[in-house]
Amino acid sequence: MKIIAHMTAAACLFVAATAAFAQTTVKDPWIRGTVDQQKATGMFAQITSVKGGRLVSAASPAAGVVEIHQMAMDGDVMTMRPVAGLDLPAGKMVELKPGGYHVMLMDLKRSLKAGDVVPVTLVVEGADKKRETLEVKAQVRALGSPAGEPKH
Ligand SMILES: [Cu+2]
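Counting in my numbering, the sequence shown runs from -9 upward without gaps.
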């Protein structure tokens, strides 16, 4: 019994240490594929910041310009606009998804085909103003695939 108790304590310590290192986690990053001549597309993901923070910028070698965008209905029209940042409440998963927030890749260097893997760098600023840089590998999904529905 005593040995088991010790092992549990060690496991807890390990989890705590990992969480402190990876302040923000990015799950299931993906990019909507493009057709030839298409110059922009969106990246989506599920972002969770342990202590809370703000996604302030993004960059990718695949795109000349990368912005954080918000999609919203303006009357009957779906509009998209850049925002200065996206708040990540502590411990709460924020989903970037079609029709909502997304990382907009513009001035694309080439078309992105299903199966490609695109590196994207996300910068998250914590409440203490410290910046955390996250290197993400986003998978390109076919243009016509259902809007971000996870595969079950
Ligand atoms: Cu956009």
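We treat Cβ as the ideally placed atom computed from N, Cα and C, and that holds for glycine.
Quantities reported herein were computed from a predicted structural model and do not represent experimental measurements.
Which of helix, strand or coil DSSP assigns to residue i
i      : result
Ala30  : coil
Glu139 : Note that Glu139 scores a pLDDT of 45, beneath 50, so its modelled location is shaky; the value from the coordinates is reported in the next line. If DSSP states are grouped into helix, strand and coil, Glu139 belongs with coil.
Val25  : coil
Lys127 : strand
Pro88  : coil
Lys17  : strand
Val5   : Any reading at Val5 must be qualified, since the residue scores a pLDDT of 49, below 50, and its modelled position is unreliable; the value itself is stated next. Correct three-state label for Val5: helix.
Ala10  : In this predicted model, Ala10 has a pLDDT of only 44, less than 50, meaning its place in the structure is not dependable; the value taken from the coordinates is given anyway. If DSSP states are grouped into helix, strand and coil, Ala10 belongs with the helices.
DSSP bridge partner residues for residue i (one or two, in chain order)
i      : result
Leu133 : None, per the DSSP bridge assignment.
Gly116 : Gly43
Arg121 : Glu115
Ala35  : Leu86
Leu98  : Ala53
Cβ pair residue i, residue j closer than 8 Å
i      : j      : result
Glu122 : Val114 : yes
Leu95  : Ala132 : no
Gly32  : Arg44  : no
Gln13  : Val40  : yes
Ser50  : Val110 : yes
Gly86  : Ala30  : Here residue 86 turns out to be Leu, not Gly, going by the sequence shown. No.
Lys103 : Val130 : yes
Ala117 : Gly54  : no
Pro19  : Lys127 : yes
Leu112 : Val16  : yes
Ile37  : Val84  : yes
Thr24  : Leu78  : no
Worksheet item: Which runs of the beta strand (DSSP E), 3 residues or longer, sit entirely within the region 38 to 80?
Response: 43 to 49, 53 to 64, 67 to 72 and 76 to 78
Practice prompt. Please list, following the chain, all residues that have a C-beta closer than 6 Å to any non-hydrogen atom of ligand 1.
Written response: Gly32, His59, Met70, His92 and Met94
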